[in-house]
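Residues 3 to 154, numbered by the working numbering, are exactly what the sequence shown covers, in order.
Below: the structure, in structure tokens.
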Amino acid sequence: MKAPRAWWWDFILHASTFGLYTMFWLVGRLREVRRLGQHDVKPWLWFFVPLFLLAQLIALPRLTRYLRELERANGVPGWGASRYLWIAGVILVSAFFNVQERIATPLWTFVFAMLVWGTLFTILEARFNTLKRTLITRRLAMLVAVISGGNG
Numbered sequence: 003m004k005a006p007r008a009w010w011w012d013f014i015l016h017a018s019t020f021g022l023y024t025m026f027w028l029v030g031r032l033r034e035v036r037r038l039g040q041h042d043v044k045p046w047l048w049f050f051v052p053l054f055l056l057a058q059l060i061a062l063p064r065l066t067r068y069l070r071e072l073e074r075a076n077g078v079p080g081w082g083a084s085r086y087l088w089i090a091g092v093i094l095v096s097a098f099f100n101v102q103e104r105i106a107t108p109l110w111t112f113v114f115a116m117l118v119w120g121t122l123f124t125i126l127e128a129r130f131n132t133l134k135r136t137l138i139t140r141r142l143a144m145l146v147a148v149i150s151g152g153n154g
């Protein structure tokens, strides 16, 4: 499991790499989902999700469902219905990227869309980081209990 990283670093990577980092990031997160939740996923397929709007319509709800299941199983408060706003935001930004390739748009709209993209995936990364911190804390508590029990 990848250690949690500072939110601002993930934001910079998502927003400044034109979606390239996001493709690799999704593969990494789905590897973690497969490992933690025993979900039958093929992480390498998620590399293509940011590229295809239709794939996002299926993949993003699935991703948030996997995360919600992991959060519930580990006692982490979920994000409720706001996950639908996150999905809608990613799909709308992706749709904008598809449209702006075909029609002339001011540069500032592209920059704004990249910042929104970075923000949306930073929000999702924060959800994963909360789950990871909870799991790390539990493992440390179990380790301390084992060590303490061995000395008593």
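Think of the CB as a built atom: it goes at the ideal place given N, C-alpha and C, for glycine as much as any other residue.
Contact belief for residue i with residue j at Cβ below 8 angstroms, rounded distance in angstroms
i   : j    : result
V78 : T136 : 5 angstroms
F99 : A115 : 7 angstroms
P45 : L56  : At roughly 19 angstroms, the Cβ-Cβ gap does not stay under 8 angstroms, so P45 and L56 are not in contact.
W88 : L126 : 7 angstroms
DSSP three-state assignment for residue i, whether helix, strand or coil
i    : result
W81  : coil
Q102 : helix
H16  : helix
N76  : coil
N131 : helix
W9   : helix
G30  : helix
G151 : helix
P108 : coil
V43  : coil
G21  : coil
F54  : coil
Residue i and residue j closer than 7 angstroms at C-beta
i    : j    : result
G21  : P63  : no
D12  : T124 : yes
V29  : W48  : yes
L15  : L72  : no
L117 : A17  : yes
R67  : G80  : no
V92  : L59  : no
V101 : W119 : no
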